[in-house]
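Comments concern the structure below.
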Amino acid sequence: MKSKNTITIAAPATVANLVCGFDILGMALNEPADIMKITVSDKPGLKITHTDDYGLSTVPEKNVAGVSLLAMMEELPAGTGFELEICKNIMPGSGLGSSAASAAGAVAAANLLLEKPFSESDLVRFAMNGEKLASGVKHADNIAPCISGGITLIRSIHPLDIISLPAPPLYVTVVHPQIEVKTSDARQILRKEVPLKNAIRQWGNIAGLVAGFMQSDYDLIGRSLEDVIIEPVRSILIPGFDDVKKRCKEAGALGGGISGSGPSIFMLNKEEKTALEVRSIMEDIYNTLGIETRIYVTTMNQKGVKIIND
Ligand code: HSE
25 MKSKNTITIA
35 APATVANLVC
45 GFDILGMALN
55 EPADIMKITV
65 SDKPGLKITH
75 TDDYGLSTVP
85 EKNVAGVSLL
95 AMMEELPAGT
105 GFELEICKNI
115 MPGSGLGSSA
125 ASAAGAVAAA
135 NLLLEKPFSE
145 SDLVRFAMNG
155 EKLASGVKHA
165 DNIAPCISGG
175 ITLIRSIHPL
185 DIISLPAPPL
195 YVTVVHPQIE
205 VKTSDARQIL
215 RKEVPLKNAI
225 RQWGNIAGLV
235 AGFMQSDYDL
245 IGRSLEDVII
255 EPVRSILIPG
265 FDDVKKRCKE
275 AGALGGGISG
285 SGPSIFMLNK
295 EEKTALEVRS
305 IMEDIYNTLG
315 IETRIYVTTM
325 NQKGVKIIND
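For this note's numbering, count along the sequence shown from 1 and bump the result up by 24.
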């Protein structure tokens, strides 16, 4: 029997793609995180409220957490209902996995409350409905690390095949210039075909990055953080991008690039000291450009969605 009917969870921000792994690699961060309170009730249906001020729809069918929970509810006994209160700290359109945190957080919270009737793979399956609503396409590179923490490789979504990768300690500096890039637009502008020579270079980088994480080889990680397919197209939407990358690498960052579909830019660092220097460089560049930012200096989140109050 269920022992409680409410819990509160934190759903972490995530960096999808990790530069070369478009739609197949992602990493969870310790900051920022959305906070969600879920209550199960015997009244059927789903009620959503937002305590943030982003003006997101509270109609379940138009809300990424809503469509994900509705997909889960189809596989629960008829008559199970939920009330969900969402406080978003991950700004929508930031490139930090905001929609994934809502979608994954909602279904992971419901699963924890119901004492885990579903596997992590089921949760990813439900939450991809949220990504479909947000960006028009199902992808799991934010959802999987949000749920399970760490770095995940999505080998396939049909069928789901998700691998958690080990990685050495990393400090992550993320700058979010306060402009909005919609994932759906950032996907629309991509070329549908890739020249073979670019594909070969990208495969080398993805394999190198995975090997670098597994072997704790920081130099290999740095060399492999190169994207010859997506970044040249999307970076045009982000003021200051080339300068941030160049100057942060000169200051000792391993490398980095666009976080998810942008506009946030992330840099991986071996040392905290470098992560803080990278922060100053980012501040300097965007101050000069007159663009406001939010900057996070954080580390990899190893837990994924976690209960913060039950
Ligand atoms: N892989 C996705 C993209 C992540 O880059 O479009 C954004 O949600």
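Where a beta carbon is used, it is the ideal one built from N, C-alpha and C, also for glycine.
Residue i classed as buried or exposed, judged by whether at least 16 other C-beta atoms fall within 10 angstroms
i, result
"Y78", "exposed"
"I262", "buried"
"A231", "exposed"
"I131", "In the sequence as displayed, the identity of residue 131 is Val instead of Ile. When all chains shown are included, V131 counts as buried."
"L220", "exposed"
"N293", "buried"
"I87", "Checking the sequence shown, residue 87 turns out to be Asn, not Ile. That one is buried."
"A210", "buried"
Pairwise C-alpha distance: residue j and residue i
i, j, result
"Y242", "Q226", "19 angstroms"
"G246", "T312", "27 angstroms"
"V64", "S122", "24 angstroms"
"M25", "S180", "Because the pLDDT of M25 is 40, which lies under 50, any placement of that residue in the model is unreliable, and the number read from its coordinates should be weighed accordingly. The straight-line gap from Cα to Cα measures roughly 36 angstroms."
"A191", "V234", "9 angstroms"
"L278", "T30", "42 angstroms"
"N153", "S126", "11 angstroms"
"P84", "E295", "43 angstroms"
"V161", "E155", "7 angstroms"
"K61", "E217", "43 angstroms"
Under 8 angstroms between C-beta atoms of residue i and residue j
i, j, result
"D165", "D267", "no"
"M306", "V199", "yes"
"G328", "S172", "yes"
"N16", "T322", "Only positions 25 to 334 of the chain appear in the structure, and residue 16 is not among them; the question remains open."
"I33", "A151", "no"
"P36", "L80", "no"
Residue i - DSSP class collapsed to helix/strand/coil
i, result
"G121", "coil"
"P201", "strand"
"S92", "helix"
"C170", "helix"
"G236", "helix"
"S58", "Checking the sequence, you will find Asp at residue 58 rather than Ser. Strand, per DSSP."
"A164", "coil"
"M115", "coil"
"S285", "coil"
"S304", "helix"
"E85", "helix"
"P256", "helix"
"Y310", "helix"
"Y242", "helix"
The region 251 to 259 contacting the region 79 to 99, beta-carbon criterion three pairs below 8 angstroms: no
The region 200 to 209 touching the region 267 to 287, judged by at least three CB pairs closer than 8 angstroms: They touch, by the three-pair rule.
The region 59 to 73 in contact with the region 180 to 192 per 3-pair CB rule at 8 angstroms: no
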